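Worksheet for the structure shown next.
Residue numbers (UniProt numbering): 1 to 129.
Structure, rendered in structure tokens:
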């Protein structure tokens with residue numbers, strides 16, 4: 001886990017220092033302010049619409065929310081992370097649940113499977129002969 005960054009690299013929780021010329025830091029999300037109390041729907045502290053595991057909003061089962069604007073509990077605890085992979089899976093689940101709802105069939109609970117790949121790149125100066 002990265003604890004801090006400076007002009008030359010990243011410091012980790014384990015005390016490791018990773019030198020880097022280029023660093024990309026992506027952390028934190030906040031849904032747009034217009035979602036706060038939109039139509040009386042429940043929102044959390046970062047303006048996400050609170051949804052059931054079926055992706056229906058807690059106050060109106062005919063409204064679905066997915067992606068970064070949705071706060072969706074996971075059956076194993078915690079919440080669905082705000083990631084593109086999760087949003088794609090949420091879109092598929094919401095589409096299937098909307099069709100099921102229209103046809104009077106049971107809705108499915110979202111099951112998110114996230115694949116994470118970590119890479120570490122380092123450069124070395126050219127060798128001098």
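The beta-carbon is built from N, C-alpha and C at its ideal position, and this holds for glycine as well.
Keep in mind that this is a model prediction, so the values were computed, not measured.
With contacts defined as CB atoms closer than 7 Å, residue 9 and residue 16 fail to qualify as a contacting pair. Taking each of 37, 94, 7, 84 in turn and checking the Cα distance to residue 46, the smallest one comes out for 37.
With contacts defined by Cβ atoms closer than 7 Å, residue 66 and residue 91 form a contacting pair.
Around the beta carbon of residue 48, a 10 Å sphere encloses 16 or more other beta carbons of the protein chains shown; the residue is thus reported as buried. With contacts defined by Cβ atoms closer than 7 Å, residue 94 and residue 41 do not form a contacting pair. Around the beta carbon of residue 97, a 10 Å sphere encloses 16 or more other beta carbons of the protein chains shown; the residue is thus reported as buried. For residue 65, no beta strand (DSSP E) run applies, since DSSP gives it neither H nor E.
According to the DSSP assignment, residue 92 belongs to the alpha helix (DSSP H) that extends over 84-102.
By the CB criterion at 7 Å, residue 72 and residue 51 fall inside the cutoff.
Counting along the chain, residue 4 sits inside the beta strand (DSSP E) bounded by residues 2-6. Here residue 107 carries a coil assignment [DSSP, helix/strand/coil].
Note that the C-beta distance between residue 29 and residue 80 is not below 7 Å. In summary, residue 12 is exposed, with fewer than 16 beta-carbon neighbours lying within 10 Å of its beta-carbon over all protein chains present. For the pair residue 33 and residue 85, the Cα-to-Cα distance works out to about 24 Å.
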